[in-house]
Structures are given as structure tokens and as C-alpha cells.
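In my numbering, the protein residues as written are 1311 to 1464. For glycine and all other residues, C-beta sits at the position ideal for the given N, C-alpha and C. Here the structure comes first, spelled out in C-alpha cells, and everything after it is commentary.
Below you can see the structure in the form of C-alpha cells.
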């Protein structure tokens, strides 16, 4: 695909023209207002059973700060709950929220820190504490993957 403005490209397409819209490593580079416009436009351009897929850094992970804020081009960060709420507020239904491992995450000191961070929820659960937040797979992953579908109104 050429290097063009995604919103302009979508606006030029017919409503319901897409079955799938992929935004991986995109929204963290955009101003919040632009993201909202993009989500609204993408919603109109998806078919009723279409899917939007978003991959971005996970601010709920303390190690993700180096991913999010180590890049000068990153404008805004998201948590799993925040991105899910944003999508729901723009008439999407969340189909899946999952963690994702980045290649930079392995083979460094971050790997060991990440392993320790991921062991904490298991340790807490073994100790008998029930914390639903810690059971969500995306909670501690450095990157998160969110899949949503349009809310269909009759």
C-alpha cells in the first residue's frame, strides 16, 4: 500500500466495502481526535459482519514504557480496558483482547523482567487471591491485540 492518509483513503471508499480492517502499530502514532474519526469512519466502511484488528503497546505493562515512550512518534498509549472502551464508545463489540509478545521482548534483560512480571499473577492466584484483572491475558503483555466487530443496529 502506498504511504497515504488512512482516513482519506477510507472516506473515498463506499460504506460497507471492507470485511477486515487491520491497524497494527498505527493508533499510537495518531492524535486522539484523529483516532476517533478513524474509528467512526472504519465502522461505516466495514460490512455488518466485518472485523477491525488493532495491535498497539499496552500501557498496563510497566515494561511497555520503553516501547511506547522510547519512540518520539508515539502520541498516545492505551490499556486493554481503555482501548476496549474506546471501541465500544464508537459502536464496536469486542470479540477478543489478547496479549502479544514483541520480538524485542526476548533475548534481553526485559525477557527476564517480563517473565517475573508474568509470574506475579500466577503466584498471587496460587496464594489464593482472586483478582479477575490479573486473569486477563493482555493485562501484563507488552503489546495488546484487540479484535472487534461493528454493533449492528436494526
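Is DSSP giving residue i helix, strand or coil here?
i	result
residue 1345	helix
residue 1352	helix
residue 1453	strand
residue 1371	coil
residue 1403	strand
residue 1357	strand
residue 1327	coil
residue 1395	helix
residue 1339	helix
Tell me which residues share the same chain as residue i and place their Cβ nearer than 6 Å to its Cβ, disregarding the 5 neighbours each side in the sequence.
i	result
residue 1313	Interpretation of residue 1313 is limited by its pLDDT of 47, a score under 50 that renders its predicted location unreliable; the figure taken from the coordinates is listed afterwards. Correct list: empty, nothing qualifies.
residue 1323	1355
With 16 as the cutoff for other CB atoms within 10 Å, does residue i come out buried or exposed?
i	result
residue 1340	buried
residue 1511	The structure shown has nothing for residue 1511, since the chain only spans 1311 to 1464.
residue 1372	exposed
residue 1326	exposed
residue 1464	exposed
Spatial neighbours of residue i within its chain, please: CB distance less than 7 Å, with the 5 preceding and 5 following residues excluded, ordered by chain position.
i	result
residue 1389	1368, 1369, 1370
residue 1403	1458, 1459, 1461
residue 1320	1351, 1352, 1355
residue 1358	1460, 1462
Taking Cβ positions only, does residue i come closer than 9 Å to chain C?
i	result
residue 1339	Chain labels in this structure do not include chain C; a single protein chain is all it has.
Excluding five sequence neighbours on each side, which residues of the same chain lie with their C-beta closer than 8 Å to the C-beta of residue i?
i	result
residue 1455	1363, 1364, 1365, 1406, 1407, 1408, 1409, 1410, 1448
residue 1386	1337, 1338, 1340, 1341, 1342, 1345
residue 1335	1365, 1366
Report, in whole angstroms, the separation of the C-beta atoms of residue i and residue j, which I expect to be a contact under 8 Å.
i	j	result
residue 1397	residue 1332	At roughly 15 Å, the Cβ-Cβ gap does not stay under 8 Å, so residue 1397 and residue 1332 are not in contact.
residue 1347	residue 1393	Not really, about 16 Å apart at Cβ, beyond 8 Å.
residue 1330	residue 1361	5 Å
What are the boundary residues of the alpha helix (DSSP H) that residue i is part of?
i	result
residue 1464	Element bounds for residue 1464: n/a, residue is neither H nor E.
residue 1317	1316-1321
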